[in-house]
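Colleague: Here you go, one structure.
Number of protein chains: 2
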Amino acid sequence: MTTTVLLVDDHPVVRSGLRAVLDTDTVHVIGEAATGEEAITLAAHLHPDVVLCDLRLGAGIDGIQTTAALRALDPAPAVLILTTFDRDAEILGAIEAGAAGYLLKDVAPDVIVEGIHRAAGGDMFLAPDLAGRVLQGMRNPLPRLTDRELEVLRLMSTGAANKDIARNLFVTEATVKSHIAHIFTKLGVDSRSRAIHLAQETGLI
Amino acid sequence: MTTTVLLVDDHPVVRSGLRAVLDTDTVHVIGEAATGEEAITLAAHLHPDVVLCDLRLGAGIDGIQTTAALRALDPAPAVLILTTFDRDAEILGAIEAGAAGYLLKDVAPDVIVEGIHRAAGGDMFLAPDLAGRVLQGMRNPLPRLTDRELEVLRLMSTGAANKDIARNLFVTEATVKSHIAHIFTKLGVDSRSRAIHLAQETGLI
DNA sequence: CTGCATCTCAACCTTTTGGATGATGCCGAC
DNA sequence: GTCGGCATCATCCAAAAGGTTGAGATGCAG
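Protein sequence lines, in the order shown, are assigned to chains E and Z.
The first sequence begins at 1 in my numbering and counts up one residue at a time.
The second sequence begins at 1 in my numbering and counts up one residue at a time.
Below, the structure is given as structure tokens:
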């Protein structure tokens, strides 16, 4: 029995590659989308068994939002994330959004095929080298930053000084320092550069 | 007349996609390599007209080093960089290393084909949206950091404090501060976070 | 030989950052 | 209605970072 697949990637070349590699007797590519929005429309019409989705989709909604929207369809396709990046927050985010699996783009084609079948069958499928990291990440979850704190963290990561951040958010420097103190405690660091580094490593920003 | 091409990319899927998209009556893909080392060996034997090369090649040498090595061959193939990233320092670096062009992976397939023919003909070929940036970058060249300064900058960007950097490099904190002061003047910034941000944006690190 | 760049270090001073503690007002959950 | 989380602000203090100046050692290129 063949599994129907919808490809979602903003790079035409990658879509062609996936189509060439996947379209076999057990997998049938029934559509391609370049954006998340397009993917949702197409999935609603084509009812693929599996959607193979990149996380980075250029402009527009990202892969995680796309995943959530796809999973809200009826019938909902299984969503398999295929991406170049392996940042913790994104993997966890994708899984929270209902993804059935997460693969890195440097895997061999047959691993992707296997993942597609597993996902179609209702299984979870994580690239082996990611599985451990994900469990680790679930045991040591990144502390939840509030929206405001994230905003401050993002400004901080552009090199803004407390004064700049304060001006930008229309608050006093004291407030900024208060937010930053909270961020540091939650992240377990004691300097802005470490916070920035950690946030970038884990995909927090 | 058909142009012969060697593909270099660490992702099997992308190689398949490129092959599917490029292999036409005017372009003939005569080989694929997953690493820079492999690319150099293959190019030396196959004598392709053009090498289409990703910048990020996983482990091993990167695209810029590969380009330099390829251009040292006799006969030297034209090297066309095809990558996802558009960081200034890398574009300039690739061109310095002798690349005939620089394309972003999200372009349409026929642009790639056009680029290949132009490169084979000895032309330079830059994605239109990059051309302006490159000229800009040549007019405002990033100041040259010394090796030591780069080393300090890299450590700084991991969140290391001056003390940590000093320990790591076996020098005193005074020396580190001296290097950092130089880095700041050269980059035109006045805080480590701004330096880090700038360095990351321009691909300096 | 003599600049020139680089790396190294030091002392001095100012500004920024970070830590501790606490207060206020708001809102939503129980 | 009260409790807890959040955002706001404040003060005080200590540590880190940044700016300035200068200086010794090295090594290379003209």
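All residues carry an ideal CB built from backbone N, CA and C; glycine is no exception.
(1) Counting contacts by CB-CB distance shorter than 9 Å, is Gly63(Z) in contact with chain E?
(2) Against chain Z, with Cβ distances strictly below 9 Å, would Gly58(E) count as a contact?
(3) What residues in its chain sit with their C-beta under 8 Å from that of Gly60(Z), if we drop five residues either side in the sequence?
(4) Flag Ala160(E) as yes if its beta-carbon sits less than 9 Å from any beta-carbon of chain Z, otherwise no.
(5) Could you tell me whether any Cβ in chain Z is nearer than 9 Å to the Cβ of Met156(E)?
(6) In the stretch 10–32 of chain E, which residues sit with their C-beta less than 8 Å from some C-beta in chain Z, listed in chain order?
(7) For Thr84(E), which residues of its own chain have a beta-carbon under 6 Å away from its beta-carbon, when the five flanking residues on both sides are left out?
(8) Could you spell out where the beta strand (DSSP E) holding Leu204(Z) opens and where it closes?
(9) Can you tell me whether DSSP reads Ala33(Z) as helix, strand or coil?
(10) Got a sec, what are the start and stop residues for the beta strand (DSSP E) Thr146(Z) sits in?
(11) Would Glu32(E) be called buried (16 or more neighbouring beta carbons within 10 Å of its own) or exposed?
(12) Please look up how many angstroms separate the CB atoms of Ile116(E) and Tyr102(E), rounded, as I've assumed it's under 8 Å.
(13) What does Pro109(E) touch in chain Z if you count any residue whose Cβ is under 8 Å from its own?
(14) Taking Asp106(Z) as the query, report the chain E residues whose CB atoms sit under 7 Å from its CB, ordered along the chain.
(15) Using a Cβ cut-off of 7 Å, pull out every chain E residue sitting near Arg194(Z), in sequence order please.
(16) Counting Cβ pairs closer than 8 Å, one from the stretch 189–198 of chain E and one from the stretch 158–177 of chain Z, do we hit at least three?
(17) Are three or more beta carbon pairs between the stretch 198–205 of chain E and the stretch 17–32 of chain Z nearer than 8 Å?
(18) Where do the ends of the beta strand (DSSP E) carrying Gly101(Z) lie?
(19) Bridge partners of Phe125(Z), per DSSP?
(20) Over what stretch of residues does the alpha helix (DSSP H) that includes Thr175(Z) continue unbroken?
(21) Taking C-beta pairs closer than 8 Å, name the residues in chain E that Ser178(Z) reaches, listed in chain order.
(22) For Arg118(Z), tell me which candidate among Leu18(Z), Leu55(Z), Val27(Z), Arg15(Z) has the shortest Cα-Cα distance.
(23) Looking at Ile30(E) and Leu46(E), is the spacing between their C-beta atoms short of 9 Å?
(24) So does the stretch 134–154 of chain E actually touch the stretch 175–188 of chain E, counting three or more Cβ pairs closer than 8 Å?
(25) Does the beta-carbon of Arg167(Z) have 16 or more other beta-carbons within 10 angstroms, so that it is buried, or is it exposed?
Modeller: Inspection of the coordinates gives the following:
(1) no
(2) yes
(3) Thr35, Gly36, Glu37
(4) yes
(5) yes
(6) Asp10, His11, Pro12, Val13, Val14, Arg15, Ser16, Gly17, Leu18, Arg19, Ala20, Val21
(7) Lys105
(8) Where Leu204(Z) is concerned, there is no enclosing beta strand (DSSP E), given that its DSSP letter is neither H nor E.
(9) strand
(10) Neither: Thr146(Z) is in no beta strand (DSSP E) and is coded neither H nor E.
(11) buried
(12) About 13 Å separates the two Cβ atoms, so there is no contact after all.
(13) Pro12, Val13, Ser16
(14) Asp10, His11, Gly58
(15) Gly159
(16) yes
(17) no
(18) 101–104
(19) Gly101(Z)
(20) 173–187
(21) Per Cβ cutoff of 8 Å: no residues; Ser178(Z) is ~19 Å from chain E at best.
(22) Val27(Z)
(23) yes
(24) yes
(25) exposed
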